[in-house]
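Peer 1: Residue numbers (this note's numbering), protein chains in the order written: chain A, 16 to 653; chain B, 13 to 111.
Idealized CB from N, CA, C, for every residue including glycine.
Okay, here's the structure, questions in a sec.
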C-alpha cells in the first residue's frame with residue numbers, strides 16, 4: 016500500500032519485486048507500520064558522500080560526518096580522474112534516499128539519518144582507520160563499510176593493531192555502550208577463487224559480514240564463499256540480471272541516479288539499512304543481539320549449489336550464503352520482542368605447538384583439542400557463536416593449503432580454502448580464521464583441525480608450527496536457544512509490531528567523545544592570516560600617530576611667549592570646516608595639580624569645570640580667568 | 013585504491029608512528045604530556061591521540077626533516093627502548109579496495 020513518486024522506485028526490485036515476487040528484502044510491510052529507521056544514524060565509511068544531492072540532503076547528518084582525507088568536517092567527495100568517487104554516495108542512497116521527492120530512488124531506511132566519513136580517497140594508514148571506526152561513535156549507530164583488502168585471491172590482510180583496537184572499542188563503548196554495529200562487505204574476489212576468511216574485516220567477530228546474491232538468489236560470479244559470513248542480500252548479477260537502483264552523485268559523469276550499483280558493495284548498505292529499521296523498534300539491541308537476530312531470522316532457500324548444512328542447534332548455513340537471505344519483516348519483528356542475550360563469554364586454548372608436516376592430499380594432518388567442562392566453568396560458556404583458529408604454518412605456496420575445522424557436533428567449516436592465485440612463500444604467521452557455522456551448538460567437546468596440501472608440488476612442503484583455538488559464545492543453553500526460536504516464530508505474524516507493544520529499553524550510557532577539536536588546517540591558515548593583518552595595521556597606525564605627534568610637537572614648542580594657535584579663519588568657522596581636534600594641553604589648576612583639558616573655546620558639549628562657566632564673578636587669580644580673557648597670560652606646554 | 017601516495021599523507025612522505033603508552037590508566041592530560049615527552053625524545057611531534065583510543069598516539073616527523081633511513085632507525089631505537097612505550101608501529105599505507 017506504500018506509494019512513492021520517486022521515478023526509479025518501480026525499478027528498485029530489491030525493495031519490492033513485482034516481476035519475481037519474493038525476490039526482495041520484504042520491507043514494505045515494515046514501512047506500512049511506520050518503521051523507517053527514524054532516530055537511527057547510519058554512517059557510510061567510504062570515499063565521501065555528496066550530501067547536497069536531493070535524495071541525501073533531507074536525511075544528512077553533519078554531526079556524524081567527517082573527512083579524514085582532508086581533515087575537515089565536510090565529507091563531500093572530490094571528483095577524480097576516473098570519476099570514481101561516487102561509491103559512498105551510492106551506498107548512502109541505498110540506505111536513506113529520501114522518498115516522495117520526485118527524485119531518483121528510495122532508501123531502505125528512508126527515515127534514518129545518513130552521515131559520511133571520507134577516508135578512502137587518499138593515503139590510508141592503520142591509525143586513520145582506527146579514527147574512522149570510532150568517529151562520532153555516540154552519534155553514529157551503524158558503520159557501513161563496502162571496502163576491504165584487495166580481492167585478488169592472494170592477499171591475506173585485515174585491520175592492523177589500531178584498527179582492531181578501534182573495532183573492539185567500538186563494540187564496547189560505541190552507541191551509548193550498546194556497541195557500534197560494523198557492517199562489512201564480504202568481497203568481490205569470486206573470479207580469483209578468493210575466500211573472505213583471508214580478510215580480517217570479514218572474519219572479525221566484531222563485524223556483520225554480508226555477502227551478495229543476484230535477483231535469482233544465486234551466488235554471483237564476483238561473490239566469495241566463507242565460513243564467517245553471516246548472511247546475504249541482493250545485488251547485481253551477471254549482465255542478464257538487474258543491478259541495484261540507487262542515488263548517484265551528480266559530479267562529473269554522474270546524473271544523480273544509477274541503475275548499475277553492484278558487487279558486495281551494494282549488499283552491505285542494504286543490510287545496514289535493515290539493521291537501522293531494527294534499531295528504530297528496539298534501540299537498546301546490543302551489537303551481539305543484532306548478530307543473533309540475523310542468525311535466527313535469515314532464510315534458507317532452494318539453491319542446490321549452496322550446500323546448506325543444518326547444525327546441532329537447528330541453524331542452516333552455507334559457505335555461499337551464510338545463514339541465508341536477510342528478510343526485513345523477520346528482522347524487525349524479531350527485534351521488537353528481543354531481550355538481550357547474556358554477556359559475551361570466551362575461552363582460549365593454550366598455544367598448541369605442533370611442528371608437524373602437512374601431508375599431500377588425499378592424506379591429511381589432524382590435530383585435536385578437547386575443551387572440558389572444567390575449562391568452561393570460569394567463563395560460563397555453554398553455547399557457541401564464533402569459533403576462531405589462529406595458525407602459523409610454513410609452506411612455499413600458501414594457496415596450496417586447505418584448513419578445515421570440525422566442531423564437537425561434527426559440523427564442518429572450510430576456514431582456509433585453497434587459492435590457486437596465492438603463491439606467497441611465507442605461509443601463515445598468526446593468522447586468525449573464523450567460522451559462524453557452529454552458532455548455538457554446545458561449546459564443550461573435541462575440536463578437530465585438519466590441514467592438507469592440495470598443491471601439485473612433488474615433495475610435501477608444509478609444516479604446522481602452532482595453533483590456538485578461541486571460542487566465543489554465551490551462557491545460553493541449547494534449550495534457551497530453542498525457546499527463543501519458537502518465540503520469534505510466534506512474532507512473525509506481526510502481532511507485536513505496533514506502538515502499543517514495547518518492551519523496556521534502557522537508555523544506555525553517557526559516554527563523552529574525545530573532544531579532539533583539532534583546528535583544521537584551513538581554520539589555522541585563516542587565523543594566521545587575520546592575525547597578521549591585524550598586527551600589521553596596528554603597527555601602521557601606531558607609527559602614523561607617533562610620527563604625526565612628533566611633527567606637531569616639532570612645529571610648536573612654546574616656552575616663553577604666548578601660544579599662538581593657528582588662527583581659525585572666520586570663513587572656515589562659518590563654513591564649519593574648521594578642524595575640531597585640538598591637542599590636549601596641560602594647565603596648571605589653582606590647586607597646583609595637573610589637569611588635562613581640552614581648550615574649551617572649541618570644545619562643544621564636553622564637560623568643563625565650573626570655574627570656567629560664564630556666569631562666574633571674575634576670580635581673583637589670573638589662573639581662574641576664562642580662556643578668552645587669558646590672552647596669552649597663560650603658559651601652556653603642548 | 014586508497015593507499016596510493018598522494019597529498020595529505022601523514023607527516024613527511026607518509027611517515028608516522030603509532031605508539032601505545034604504558035600507563036593508559038593515567039588522566040588524559042598526563043598521558044598527553046607523556047606522549048609529548050616521548051615524541052620529543054624520539055625527535056618527533058605528537059600529532060595527537062588516535063581517535064577514541066585511550067593511550068594511543070600518533071607521532072610525525074617535524075616538517076622539513078629529511079626522510080633518511082638513519083633517522084627512521086633512530087626513531088625505532090628510541091621508541092623500542094623507551095620505558096613508557098608499550099607498543100609502537102611505524103604506520104604504513106594500507107591498500108584498500110572499494111567493493
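1. What separation, rounded to the nearest whole angstrom, lies between the Cα atoms of residue 497 of chain A and residue 478 of chain A?
2. Note down, in chain order, all residues in the stretch 61-76 of chain B with a beta-carbon under 7 Å from any beta-carbon belonging to chain A.
3. Got a sec? Which residues, its chain only, sit under 6 Å from residue 428 of chain A by beta carbon, not counting five neighbours each side?
4. With a cut-off of 7 Å, does the C-beta of residue 52 of chain B fall near any C-beta of chain A?
5. Counting Cβ pairs closer than 8 Å, one from the stretch 41-56 of chain A and one from the stretch 112-126 of chain A, do we hit at least three?
6. Of all the CB atoms in chain A, is at least one closer than 7 Å to the CB of residue 106 of chain B?
7. Is the beta carbon of residue 469 of chain A sitting closer than 7 Å to the one on residue 424 of chain A?
8. If you draw a straight line from the alpha carbon of residue 352 of chain A to that of residue 44 of chain A, how long is it in whole angstroms?
9. With DSSP collapsed to three states, give me the class of residue 103 of chain B.
10. What are the residues in the stretch 131-156 of chain A lying within 9 Å of chain B by C-beta distance?
11. What is the DSSP secondary structure of residue 99 of chain A, reduced to helix, strand or coil?
12. Counting only beta-carbon separations shorter than 7 Å, does residue 177 of chain A have a partner in chain B?
13. Would you list the one or two residues that DSSP bridges to residue 397 of chain A?
14. Please list, in chain order, all residues of the same chain as residue 33 of chain A whose beta carbon is under 8 Å from its beta carbon, the five residues on each side excluded.
15. Could you tell me the alpha carbon to alpha carbon distance between residue 271 of chain A and residue 116 of chain A, rounded to whole angstroms?
16. With H, G and I counted as helix, E and B as strand and the rest as coil, what does DSSP make of residue 27 of chain B?
17. Are the stretch 274-287 of chain A and the stretch 323-332 of chain A touching, with three or more C-beta to C-beta distances below 8 Å?
18. Cα separation between residue 382 of chain A and residue 215 of chain A?
19. Is residue 409 of chain A close to chain B, meaning its C-beta is less than 7 Å from at least one C-beta of that chain?
20. Quick test of your reading: residue 177 of chain A and residue 62 of chain B, contact by CB under 8 Å. State the CB separation rounded to the nearest angstrom.
21. Should residue 46 of chain B be flagged as near chain A, meaning a C-beta pair shorter than 7 Å?
22. Would the beta-carbon of residue 492 of chain A fall within 7 Å of that of residue 397 of chain A?
23. Residue 51 of chain B: beta carbon under 6 Å from a heavy atom of the ligand FMN?
24. For the beta strand (DSSP E) that residue 483 of chain A lies in, which residues bound it at each end?
25. Going along the stretch 279-292 of chain A in order, which residues come within less than 7 Å of chain B, judged by CB to CB distance?
26. Where does residue 446 of chain A sit, in a helix, a strand or coil, going by DSSP?
27. In terms of alpha-carbon separation, which member of A:417, A:459, A:315, A:292 lies closest to residue 466 of chain A?
28. Here's a check: name, in chain order, each residue in its chain whose Cβ is nearer than 6 Å to the Cβ of residue 31 of chain A, leaving out the five neighbours to either side.
29. How would you write the range of the beta strand (DSSP E) that residue 427 of chain A sits in, first residue to last?
30. Cβ of residue 84 of chain B less than 7 Å from any chain A Cβ?
31. I want to know whether the stretch 308-318 of chain A touches the stretch 134-152 of chain A - three or more CB-CB distances under 8 Å.
32. Classify residue 90 of chain A as buried or exposed, calling it buried when 16 or more other Cβ atoms lie within 10 Å of its own Cβ.
33. Just checking, does the stretch 479-491 of chain A make contact with the stretch 360-368 of chain A on the three C-beta pairs under 8 Å criterion?
34. Taking the C-alpha atoms as reference points, what is the distance between residue 253 of chain A and residue 48 of chain B?
35. So, at 6 Å on beta carbons, what are the nonlocal neighbours of residue 102 of chain B in its own chain, with the 5 sequence-adjacent residues on each side left out?
36. Taking only three categories from DSSP, how would you classify residue 532 of chain A?
Peer 2: From the atom records:
1. Within the first chain, the letter at position 482 stands for residue 497 of chain A. Within the first chain, the letter at position 463 stands for residue 478 of chain A. Roughly 42 Å between the two C-alpha positions.
2. 61, 62, 63, 64, 65, 68, 70
3. Your numbering for residue 428 of chain A matches position 413 in the first chain. The residues are 242, 420, 450, 452.
4. One-based indexing of the second chain puts residue 52 of chain B at position 40. Not one chain A Cβ lies under 7 Å of residue 52 of chain B.
5. yes
6. The residue labelled residue 106 of chain B in the question sits at position 94 within the second chain. Cβ-Cβ to chain A under 7 Å: yes for residue 106 of chain B.
7. By 1-based counting over the first chain, the position of residue 469 of chain A is 454. By 1-based counting over the first chain, the position of residue 424 of chain A is 409. For residue 469 of chain A and residue 424 of chain A, no; Cβs fall outside 7 Å.
8. Taking the first chain and counting its residues from 1, one reaches residue 352 of chain A at position 337. Taking the first chain and counting its residues from 1, one reaches residue 44 of chain A at position 29. Distance between the alpha carbons of residue 352 of chain A and residue 44 of chain A is about 17 Å.
9. Within the second chain, the letter at position 91 stands for residue 103 of chain B. Residue 103 of chain B falls in the coil class under three-state DSSP.
10. 134, 135, 136, 137, 138, 139, 140, 141, 142, 143, 144, 145, 146, 147, 148, 149, 150, 152
11. By one-based count along the first chain, residue 99 of chain A stands at place 84. Coil.
12. By one-based count along the first chain, residue 177 of chain A stands at place 162. At least one chain B Cβ lies under 7 Å of residue 177 of chain A.
13. Translated into the one-based positions of the first chain, residue 397 of chain A becomes position 382. DSSP, once it has assigned bridges, lists no residue as partnering residue 397 of chain A.
14. If you number the first chain from 1, residue 33 of chain A lands on position 18. Same-chain partners within the cutoff: 25.
15. As a working note, residue 271 of chain A is residue 256 in the first chain. As a working note, residue 116 of chain A is residue 101 in the first chain. Whole-angstrom Cα-Cα distance: 13 Å.
16. Counting from one through the second chain, the residue named residue 27 of chain B turns up at place 15. Reduced to three states, the DSSP call for residue 27 of chain B is coil.
17. no
18. Within the first chain, numbered from 1, the residue matching residue 382 of chain A stands at position 367. Within the first chain, numbered from 1, the residue matching residue 215 of chain A stands at position 200. Computed Cα separation, rounded: 24 Å.
19. Stepping through the first chain from its first residue, residue 409 of chain A is reached at position 394. Not an interface residue.
20. Sequence index remark: in the first chain, residue 177 of chain A carries index 162 (1-based). Sequence index remark: in the second chain, residue 62 of chain B carries index 50 (1-based). Indeed they touch by this definition, with Cβ atoms about 6 Å apart.
21. Numbered from its first residue, the second chain carries residue 46 of chain B at position 34. No, no contact with chain A.
22. Taking the first chain and counting its residues from 1, one reaches residue 492 of chain A at position 477. Taking the first chain and counting its residues from 1, one reaches residue 397 of chain A at position 382. Yes, Cβ-Cβ distance for residue 492 of chain A and residue 397 of chain A is below 7 Å.
23. Among the ligands in the structure shown, none appear at all, so the ligand FMN cannot be discussed.
24. Residue mapping note: residue 483 of chain A aligns to position 468 of the first chain, counting from 1. Per DSSP, residue 483 of chain A belongs to the beta strand (DSSP E) from 477-489.
25. 279, 280
26. Along the first chain, read from residue 1 onward, the residue named residue 446 of chain A stands at position 431. Note: residue 446 of chain A maps to strand in three-state DSSP.
27. Along the first chain, one-based indexing puts residue 466 of chain A at 451. Among A:417, A:459, A:315, A:292, the Cα nearest to that of residue 466 of chain A is on A:417.
28. Within the first chain, residue 31 of chain A is the residue found at index 16, counting from 1. Answer for residue 31 of chain A: 39, 43, listed in chain order.
29. Here residue 427 of chain A refers to the residue found at position 412 of the first chain. It spans 427-431 - the beta strand (DSSP E) in which residue 427 of chain A sits, taken as one unbroken run.
30. One-based indexing of the second chain puts residue 84 of chain B at position 72. Not an interface residue.
31. no
32. The count along the first chain starts at 1 and reaches residue 90 of chain A at position 75. Buried.
33. yes
34. Numbered from its first residue, the first chain carries residue 253 of chain A at position 238. Numbered from its first residue, the second chain carries residue 48 of chain B at position 36. Going by the C-alpha atoms only, they are around 55 Å apart.
35. The residue you call residue 102 of chain B lines up with position 90 of the second chain. Answer for residue 102 of chain B: 29, listed in chain order.
36. The residue given as residue 532 of chain A occupies position 517 in the first chain. Low per-residue confidence applies at residue 532 of chain A: pLDDT is 45, beneath 50, and the placement is therefore not dependable enough to give any value.
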